[in-house]
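Chains as they are written, first to last, in the working numbering: chain Z, -11 to 172; chain B, -11 to 172.
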């Protein structure tokens, strides 16, 4: 699978700061068949995913950074509410959610930069309620990869809408064979 | 898996026209560890994917639209060269490729709109070298889903770089379990 990269804070921030604009460019103003439909049942639409990303900005990533820096392993992280997006999204348009996500991400990255984290900080440890001991760099790497898992999911949910429309080409288009491991 | 959507030309164009800006927002100026690394061996980096999308704009999608409209099933499509991106990408920066992709996509969508396709046109048939008979609407739907399959791939290739960096969270981040069905 090739070599993987070592964690670096500037490269992680570079990715985190592009995510809102990338989702905005893909989704803003797009017809509802792409943004408000899911893969059936209780699965998520692109609209739901942006609500989930907002909820993470509010309650999860930077809150956990602060717990590690202030309490280390002594204080276990709060569990993340995977249905928290329902409250975030109620009565809002997709464009409102995209703007809100961009605003919160900008604030969180400003707060992250202001911490001026040094290598010794990045190795500090925290306690995850299910995974056990994790480091600050692992938390920050996961924040970035979590963005990517939701690009992966949104592209799959959108492609699903044209599963029938592509006809025989469904055999060729790999995203239609994705079995949903990228759910949150 | 829920209901899927019926093909509609305006909704298809709405997606096709957003793809270059979405890739640009995600990738432009991003450090090379995200854009120029692959999943090992002969797999593709994000840079390779943009070259592949350019090659499709030049040689594949609109060329096949015209074959269907002018020759119907009488003329089999050319095979698409899946290594054509190597020539497209040589000596260029990612930013040059992103600009080139945006320019070609804009031209192709202008040409598509100028055809003023009617429902009867969308049902016209062509001959694919491997898949057999396909319709014009299936070709256009596949053009859009092909964009999505490469979002899906790029998010997976990028996430792969931090496979080790996320530590125990790898169990939670679905994109890291994607087995590469979204390769082209």
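Positions of the beta carbon are idealized from the N, C-alpha and C atoms, including for glycine.
- Spanning the alpha carbons of residue 18/B and residue 128/Z requires a straight line of approximately 17 Å.
- In its chain, beyond the 5 residues on either side, 42, 45 and 46 have a beta carbon closer than 8 Å to the beta carbon of residue 92/Z.
- Put simply, the CB of residue 91/Z is far from chain B, with every gap to its CB atoms at 8 Å or more.
- In chain order, 156 make up the part of chain Z whose C-beta sits under 9 Å from the C-beta of residue 120/B.
- In terms of beta-carbon proximity, residue 14/B lines the interface with chain Z, with at least one pair separated by less than 8 Å.
- Between residue 161/Z and the set 159/B, 137/B, 125/B and 154/B, the nearest pair of CA atoms involves 137/B.
- For residue 122/Z, the uninterrupted beta strand (DSSP E) segment begins and ends at 120 to 123.
- In the structure shown, residue 64/B falls within a strand segment according to DSSP collapsed to helix, strand and coil.
- For the segment 110 to 157 of chain Z, the continuous beta strand (DSSP E) assignments of 3+ residues that do not extend past its boundaries occur at 113 to 116 and 120 to 123, in sequence order.
- Neighbours of residue 22/Z across chain B, judged by C-beta separation under 8 Å: -1, 2 and 3.
- Between residue 130/Z and residue 110/Z the beta-carbon gap is near 13 Å, outside 8 Å, which marks them as no contact.
- Proximity of residue 64/Z to chain B, defined by a Cβ-Cβ separation below 8 Å, is not satisfied.
- When rounded, the separation of the alpha-carbon atoms in residue 142/B and residue 33/B is 7 Å.
- Counting every other CB atom within 10 Å of its CB across the protein chains shown gives residue 113/B a total below 16, marking it as exposed.
- Within the model, the alpha-carbon separation for residue -8/B versus residue 164/B is close to 27 Å.
- For residue 104/B, there is no enclosing alpha helix (DSSP H), as DSSP marks it with neither H nor E.
- Inter-residue distance for residue 61/Z and residue 54/Z is about 12 Å (C-alpha atoms, whole angstroms).
- In this structure, residue 82/Z lies near residue 35/Z, with their beta-carbon atoms less than 8 Å apart.
- For residue -5/Z, the secondary structure class from DSSP, reduced to helix, strand or coil, is coil.
- With respect to chain B, the C-beta atom of residue 53/Z has no partner C-beta closer than 8 Å.
- When only Cα atoms are considered, residue 57/B and residue 88/B end up about 27 Å apart.
- The beta-carbon distance between residue 97/B and residue 38/B, rounded to whole angstroms, is 17 Å. This is too long to meet the 8 Å contact definition.
- Non-local C-beta neighbours of residue -1/B in its own chain, meaning closer than 7 Å and more than five positions away in sequence, are absent.
- In chain order, 65 and 122 place their CB closer than 6 Å to the CB of residue 116/B, counting only its own chain and leaving out the 5 sequence neighbours on each side.
- Contact of residue 117/Z with chain B is not assigned, every C-beta pair being separated by 8 Å or more.
- Going by beta carbons, residue -3/B and residue 135/B fall outside the 8 Å limit.
- For residue 110/B, no chain Z residue has a C-beta closer than 9 Å to its own C-beta; the minimum C-beta separation is roughly 11 Å.
- Residue environment analysis places residue 40/Z among the buried positions, since at least 16 neighbouring C-beta atoms fall within 10 angstroms of its C-beta.
- Across the structure, residue 74/Z and residue 85/Z are spaced so that their CA atoms are roughly 12 Å apart.
- Look at residue 8/B here: in three-state DSSP terms it is helix.
- Using a Cβ-Cβ cut-off of 8 Å, residue 60/Z does not count as an interface residue toward chain B, since no Cβ of chain B sits closer than that to its own.
- In this chain, residue 32/Z is not harboured by any alpha helix (DSSP H), its DSSP state being neither H nor E.
- When C-beta distances to chain B are compared with 9 Å, the residues of the segment 130 to 142 of chain Z below that value are 130, 132, 133, 134, 135, 136, 137, 138, 139, 140, 141 and 142, in chain order.
- Rounded to the nearest whole angstrom, the C-alpha separation of residue 158/Z and residue 100/Z is 43 Å.
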